[in-house]
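Have a look at the structure below, then the notes.
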Amino acid sequence: MSSAAGPHTATEPDRPAEKRTGTFSSLKIRNYRLFATGAVVSNTGTWMSRIAQDWLVLSITGSSFAVGITTALQFLPMLLFGLYGGVIADRYPKRKLLLCTQAVLGLLGLLLAGLTLSGVVQVWHVYAIAFLLGMVTVVDNPTRQTFVMEMVGPAHVRNAVSLNSANFQSARLIGPAVAGVLITAVGSGWAFLFNGLSFLAPITGLLLMRTSELHRIDRAPRGKGQLREGLRYVAGKPELIWPIVLVGFIGTFGFNFPIWLSAFANKIYSAGAGTYGLFNSLMAAGSVIGALLAARRARTRLRMLVAAALLFGLLEVLASVVPSFWIFAVLLVPIGVFGLTFNTTANASVQLATDPVMRGRVMSLYMMVFVGGTPIGGPIMGWVTDTFGARVGFLSGGLLSMAGATLVGTALARAAGLRLRVNLRRREGEPVLAFVPRKGAGEPTADAVQGSPAVRTAPTALGAAGAGGASGGAPDAPGGGTGGGSGAGSGAGPAVGSATGSVAVSVAGSAAGSPAGASVGADAAAEGAETVGSAVEFDGGAPVSAAPGTASGPDGAEADGDGAEPGGEPGTPRLTSAV
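The following block contains the structure:
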């Protein structure tokens, strides 16, 4: 599928129809099957290498801080050069880039195996190779993330992203367990050797792909200012900036498991590499469950992102204080479920909301803040763990994750003119927690829309999902259509959907408006409308904006603007991203 983007303009993101897909639907696509098969072998080797690397450093130095330094060095290049990797991914053929990066990663794995098996390995060798691995990952990560869209197209991208996570976590289930046994029996070097050889599998898969079946994506041309262009693009789209902010915060402080789990195994429970591998495998089991559940999910929601982050942090807090070995081990499973739910929701929502020409740069920024936060959080959490103990280190990570989710969730709600309501005496079908309009925030009406004196772009507002019955756009608007029980409405003229329970658009003032050419459809289901895109803002009665996006209910109904805003591009106004 080609994008009609110009050299320096962003087009609308690809938007698949909103309907539930089969759990393994992406595997029907031959190119993706080859990719996934090679990835599961390589990912198993990667997880074996990670466990062996952490344990090797811990056995050489006896320091959790040294493990944190190793982790930091591996991810420091992403923090320093991550955006350049995105520019490269946007500019060159992704399949050829992946052939190069996978080959280099395999050679580095074989180098570390040779040093370890020969008995000459020192901690600085591990540091250096970790840094080189990070340099290659700068290009490999955004290229691999965005290549998914070329293999499966926008209709299957949510499913493919979830299956990629399931693939990676399935390998995490196998790799650490095998590595623990292998390290105990013959040492770390053999795990590194398997990792180096495992890269032959994805290289073979890439070579066997049918390039004619790849979805065509226009590549960004050479030019100055492409990094700044990418940053401006993200800054102007709240459905991108808020997930990326939360991903960066939790990636920095909440995902330091090599430090915490190795410390719990070694210092709290006085166990060996086998127990460390067991902990990783249990977390991976939860992650696989989370990935398979996500693969069936038709939509991504910002409120789900925030909720998963909150529960992830809460479970880390609980795990840090439980006295029992087995309770701690069992809690790692739901930690894996919600950690993976958070990751896949953020990844899919960012990819789907991004213009194809910008996708490499946006995903490189995404990976930069997620992975690149580790050089900051790794040493900090390593120092806390060494100084105050493994329990305090794990506890602090969980508390900081909860704090980040709370702050971002509050910012999203305030931007949408909402407050949190707890329904303790709820009727059947009502949610326990729901976002409702704050006092003084009125429901938009068609009169208020047509009487709005000004129309402007305001990319810092977020749309809000509503609940209750809804009706579509005004039928007498030019090209307007009506939305029935499904809450769908579309048209070239002003159209607004009104909800009886909660507003289905963001309200931040006493008056409301809608730009000409935008249409708003409200979902009649209790869950509210689901949206992907930018925001429609009602602010002080005058300023209003609409940016690319869609709204869909459980039945797949979609609110969509097909008209043109005066002085604007045809077909650009659409409903936007929900909390």
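For the sequence shown, UniProt numbering gives the first residue as 1, with consecutive numbering after it. No residue lacks a Cβ here, since even glycine has one placed at the ideal position from N, Cα and C.
Could you pull the DSSP bridge partners for residue i from this structure?
i: L418; result: P437
Can the beta-carbon of residue i be found closer than 8 Å to that of residue j?
i: residue 583; j: G86; result: Past the boundaries of the shown model lies residue 583; the chain is included only from 1 to 579, so the question cannot be answered.
i: M367; j: N141; result: yes
i: A103; j: F199; result: yes
i: V138; j: V148; result: no
i: V288; j: Q169; result: yes
i: A72; j: P379; result: yes
i: S64; j: F253; result: no
i: V161; j: N43; result: no
i: N195; j: M48; result: yes
i: A319; j: L311; result: no
i: A405; j: A294; result: no
i: M209; j: N31; result: yes
i: G377; j: L314; result: no
i: G290; j: G336; result: yes
i: S188; j: W55; result: yes
i: T61; j: L98; result: no
Consult DSSP for residue i and reduce its assignment to one of helix, strand or coil.
i: L214; result: coil
i: K237; result: coil
i: L424; result: coil
i: V120; result: coil
i: E430; result: coil
i: Y32; result: helix
i: M209; result: coil
i: S59; result: helix
i: T23; result: coil
i: G68; result: helix
i: V322; result: coil
i: S188; result: coil
i: F168; result: helix
i: F312; result: helix
i: F199; result: coil
i: F194; result: helix
i: V181; result: helix
i: G451; result: Note that G451 has pLDDT 37, beneath the 50 cutoff, so the model's placement of it is unreliable and no number is given.
By how many angstroms is the C-alpha of residue j removed from the C-alpha of residue i?
i: M135; j: E430; result: 50 Å
i: N343; j: V247; result: 8 Å
i: M381; j: Q351; result: 30 Å
i: G393; j: F131; result: 25 Å
i: P323; j: T341; result: 27 Å
i: L76; j: G274; result: 29 Å
i: P176; j: I327; result: 20 Å
i: A390; j: I88; result: 40 Å
i: N167; j: I69; result: 28 Å
i: L117; j: V57; result: 15 Å
i: R50; j: R421; result: 44 Å
i: D355; j: I183; result: 45 Å
i: V369; j: V245; result: 8 Å
i: E150; j: H215; result: 5 Å
i: P437; j: R427; result: 19 Å
i: G82; j: V384; result: 27 Å
i: L282; j: Q122; result: 31 Å
i: L412; j: W242; result: 8 Å
i: S26; j: V371; result: 26 Å
i: D90; j: K96; result: 13 Å
i: R303; j: G409; result: 8 Å
i: K267; j: V317; result: 18 Å
i: G153; j: I29; result: 10 Å
Within 8 Å (strictly less), CB to CB, does residue i reach chain B?
i: F255; result: No chain B appears in the structure shown, which is made up of a single protein chain.
ask   = At what residue ranges does the region 333–414 contain a whole run of the beta strand (DSSP E), taking only runs of 3 or more?
value = Counting only runs that start and end inside the region 333–414, there is no beta strand (DSSP E) element of at least 3 residues.
Start-end ranges of the alpha helix (DSSP H) lying completely within the region 227–299, minimum 4 residues = Every unbroken stretch of the alpha helix (DSSP H) spanning 4 or more residues and falling wholly within the region 227–299 is given here in chain order: 238–253, 257–263 and 273–296.
query = Taking only runs of the alpha helix (DSSP H) that begin and end inside the region 75–161, which ones reach a length of at least 4 residues, in chain order?
reply = Those alpha helix (DSSP H) runs which fall completely within the region 75–161 and span 4+ residues are 94–117 and 123–152.
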